[in-house]
Amino acid sequence: MDDLIQTIRCLHFSDTHYCNENLLEAETCLNSVVEVAETSKPDVIVLSGDSTEHRLEVHSKPVLALSRRIKQLSAVAPMIILQGTFSHEPPGTIEMLGLMSNVHPIAVANRICQIALTLDNQWIFSVGAVFADGELYLPLIRLVVTCVPTINKANVAAQLGGAAADVETGQAIQNYLTGCGAMNQLFAAKGIPTMGISHGTVRGSVSEHGVPMNGPDHEFTTDSLFDAQCSAFLLGHIHKHQSWDRFGRKIAYPGSVGRFHHGEKDDKGFLFWSVSAQSASFSFMKTPARTMGEFDFNGPPDYEELMKEAPKFAGGYVRIRWQIDEEHSQLVSIDRIKKIFESAVSLKLEPRILKIQRSRAEGINKESGLANKLKVWCSQTNIPSEPLLERFAVLTQSTASDTANKIIADIAAFEQG
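Position in the sequence shown counted from 1, then plus 2, gives you this note's numbering.
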C-alpha cells in the first residue's frame, strides 16, 4: 500500500436531532458541515447517531431537509450512518437515509459488526460481529471500522450469541471490544487504519450541562474502548465535545452540531480526523450555533441590563433567573421581559419566590390585649420585651404626627450634643 492510503481523513459529526422545533438550528449547523466537506474532500464521513429528535412523518420538512443534506454529503465521500438512541432515532430511520446515497455508498450500521472500506470506495460488512479469516483480501482494504450502535440486551444476544444474554450488557460489549482488539491489531500490522464508532455514554464523561456521568449503568469505560485497539474511536450521544488520549490513540465526542437545549454553553461543532494504523488526531470545527444567554438576579430582574443585552441573543436561547420576596413578586413584569426578548427563539423564566416565614407563639391567642400578646411572643422567640413594649406604648398612646416630631427632636438633640 502506498503512502497516500495509509492515512484516512474523516469528517465526523453527530446528534443533529432534526425535527420541526430544531429545523432552523439543525439546517444552519449541518450546512456548515456540508461546506467543509465539499471544500476539504475527506475520505470518509461519519454520522454517529441521533440524526432525528423523534419519530417523524416521511413527508415532513425535517425528513426532506435531512435527506437532502445526506445526499450532499454522500456526493463527497463514502458515509457511515450509525443507529442512535431508539427514542430519538426509531429503528428504520437510518435505513431510509441509507437510500440517499449519491456518488458514494452509505453504510448503515444498525448492528454490531465490522465494516471495511475498499480501495474503490465500497463498503464490505462482516458476516458476524467481526471479520473472519478469509472474508477480506487485505491489499484491497484501506480502512476497517468497528461499529457498536445503540443496543439493548436482545440485540446483544442476537449479535454476540446466546451466551452474551446471561452477561450484563456493558460487560458483553466490553468482552466484544476486547475480542476486536486482536483483529484490529492484525489490520494495523498490515498498515490499515482502524476506527471504532459507537453511540452511548462513557463512564466519567461530562454531559452538556456539566454533570459527570459516573453511574455504573453507562455502556462504556475508556478502558473498554481502548481495548478495541482502534486508532480512533468516534462517539455520539453526549452533546459536549470531549476526548481521551492513550499513546496517540484517541476517543472523542464531537458534541451535537447545534445548540438544542438551554444550558449548553460550550461551542458546538464537529471533528475532522486524521487516522493512521498506529495513531489519530483531530481538529474541532465550530458551527454557527445559536447563542445562549443566562441571567441571574438576586432580586427583581434589571430591565435596563436585559434591554442592553437582548440584541445579542436574537434567534438564540435565553434563561433568566431571579429570586424575590413573596410580597414583592408582583413588581416583576413577565410581559415586559417577554417583550424585551421577543426575537429569542426560546425564553425560559425561572423565578424563585421566597416565602414569608412567620413565627407562631404558643398560647398567644389566649392573652387579651396586644401588649400581653407581644410579651408572650417575645418570651417564645427569646427576644427582650422591654424595648418593644416601650415603643408599642408610644405607638398606641401618641398620634403619628407627635411620634414623628419626637423622633425628629431626638435626632436634632443627638446631633447637637
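Glycine included, C-beta positions come from ideal geometry on N, C-alpha and C.
Q.
Using 8 Å as the threshold, is the C-beta distance between Ala190 and Ala282 below it?
A. no
Q) Thinking just about the alpha-carbon of each residue, which of Val320, Asp304, Arg354 is nearest to the one in Arg261? A) Val320
Q) By how many angstroms is the C-alpha of Pro303 removed from the C-alpha of Gln325? A) 9 Å
Q: State the DSSP-derived secondary structure class of Thr148, mapped to helix, strand or coil.
A: strand
Q: Note down, in chain order, each residue of its chain lying with its Cβ closer than 6 Å to the Cβ of Thr248, except the 5 sequence neighbours on either side.
A: Note on identity: in this sequence residue 248 is Arg, with Thr being the wrong assignment. Cβ neighbours of Arg248 beyond the five flanking positions: Phe228.
Q) How many whole angstroms separate the CB atoms of Gly317 and Arg292, which I take to be in contact at a CB cut-off of 8 Å? A) 6 Å
(Q) Taking the beta carbon of Met309 as the centre, do at least 16 other beta carbons fall within 10 Å, making it buried, or is it exposed? (A) exposed
Q.
Classify Ser400: buried if its beta carbon has 16 or more other beta carbons within 10 angstroms, exposed otherwise.
A. exposed
**Q.** Simplified DSSP state of Asp168, which is helix, strand or coil
**A.** Confidence in Asp168 is poor, its pLDDT being 49 and thus under 50, which makes the residue's placement too unreliable to answer from.
(Q) With three or more beta-carbon pairs closer than 8 Å as the criterion, would you say the region 236-245 touches the region 6-23? (A) yes
Q) Which stretch, first to last residue, makes up the alpha helix (DSSP H) that contains Pro389? A) 387-399
**Q.** Residues bridged to Thr120 [DSSP beta-bridge criterion]
**A.** Ile143
**Q.** Segment limits, beta strand (DSSP E) that includes Lys252
**A.** 251-255
(Q) Measuring straight from C-alpha to C-alpha, what distance separates Arg393 and Ser387? (A) 10 Å
Q. Per DSSP, which one or two residues make a beta bridge with Ala312?
A. In the DSSP output, where bridge partners are listed per residue, Ala312 has none listed.
Q.
What residue range does the beta strand (DSSP E) around Asp327 cover?
A. 319-327
Q. Comparing alpha-carbon positions, which option in Asp268, Arg113, Gln418, Gly295 lies nearest Pro151?
A. Arg113
Q) Are the beta-carbon atoms of Ile339 and Arg144 separated by less than 8 Å? A) no
Q: Report the three-state DSSP secondary structure of Ser370 (helix, strand or coil).
A: coil
Q: Taking only the alpha-carbon atoms, compute the straight-line gap between Asn186 and Ile117 and give it to the nearest angstrom.
A: 12 Å
**Q.** Residues near Ala230 by beta carbon distance below 7 Å, same chain, minus five either side
**A.** Thr148, Leu179, Cys182, Gly183, Asn186, Gly198
(Q) Does Arg71 come out as helix, strand or coil in the three-state DSSP assignment? (A) helix
Q) Just to confirm, are Ile96 and Ser53 a CB contact at a threshold of 8 Å? A) yes
Q. Beta strand (DSSP E) containing Ser199: first to last residue?
A. The identity of residue 199 in the sequence shown is Ile, whereas the question assumes Ser. Unbroken beta strand (DSSP E) run through Ile199: 196-201.
Q: Measuring alpha carbon to alpha carbon, tell me which of Val38, Ala406, Lys375 ends up nearest Leu391.
A: Lys375
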